[in-house]
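**Q** Take this structure, written in structure tokens, and hold onto it; I'll ask about it next.
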Amino acid sequence: MSVRHAWVVSEGSTTTSWFDVRLAFADGARVDALAVLSGAHVRVEDVRARPPLSLDDLAVLAEWLEDPLFEACVAAPARGTPAEPRRARAPWEYRSAREEGGDPVLAVMRATGHSRRRSLRLIGQARDEGFLAPRRARR
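Residue numbers (our numbering): 1023 to 1161.
Shown next, in the form of structure tokens:
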């Protein structure tokens, strides 16, 4: 399986990334998909398969793609240093927790294994880099 970061579009505080995904099987069959990461959500927009997928295979396609696609999506904003995938994961976890009504700082702490202070610093860095919306203006 291969996942390749295809392109990114930024509009305001929202970034959308596209990924080319290819599953190749030993018997020569293959599945090509186009996946989209928007906010904290990943969607598969297009699927092409040779030979065509059965309905059962199409139903389990998400399971086949889930882990490699998640790893590629988390690492996509990173620029290659080991600390940056963690920094890229911070906004992902932060947004997910906010959408679910949970504590976003605690979610970042769990995901990265850092202390509260270090997690807050990662969140601040993610804001500075444009991965998260800026804080509200204080009056």
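For each residue, glycine too, the CB sits at the ideal point set by N, CA and C. Because the structure is a prediction, the values reported are computed rather than measured.
Below 6 Å CB to CB, which residues in the same chain sit around L1154 once its five sequence neighbours on both sides are set aside?
**A** P1113, A1148
**Q** Mapping DSSP to helix, strand and coil, what is R1052?
**A** strand
**Q** Using the Cα positions of A1046 and R1139, report the straight-line distance between them to the nearest angstrom.
**A** 44 Å
**Q** Where V1082 and E1093 are concerned, what is the direct C-alpha to C-alpha distance, given to the nearest angstrom?
**A** 19 Å
**Q** Among all the DSSP beta bridges, which residues are the ones paired with D1042?
**A** R1026, L1056
**Q** Within its chain, find whatever has a CB closer than 6 Å to the CB of V1053; leave out the 5 residues flanking it on each side and keep chain order.
**A** These residues qualify, in order along the chain: L1045, A1071.
**Q** Tell me R1163's beta-bridge partners as DSSP assigns them.
**A** What is shown of the chain runs 1023 to 1161, which leaves residue 1163 out entirely.
**Q** If the criterion is Cβ atoms closer than 8 Å, does the pair S1006 and G1152 meet it?
**A** In the structure displayed, the chain extends from 1023 to 1161; residue 1006 sits before or after that span and is not available.
**Q** So L1087 packs on V1066, CB below 8 Å; how close in whole Å?
**A** Contact check for L1087 and V1066: beta-carbon distance about 7 Å, within the 8 Å limit, so the pair qualifies.
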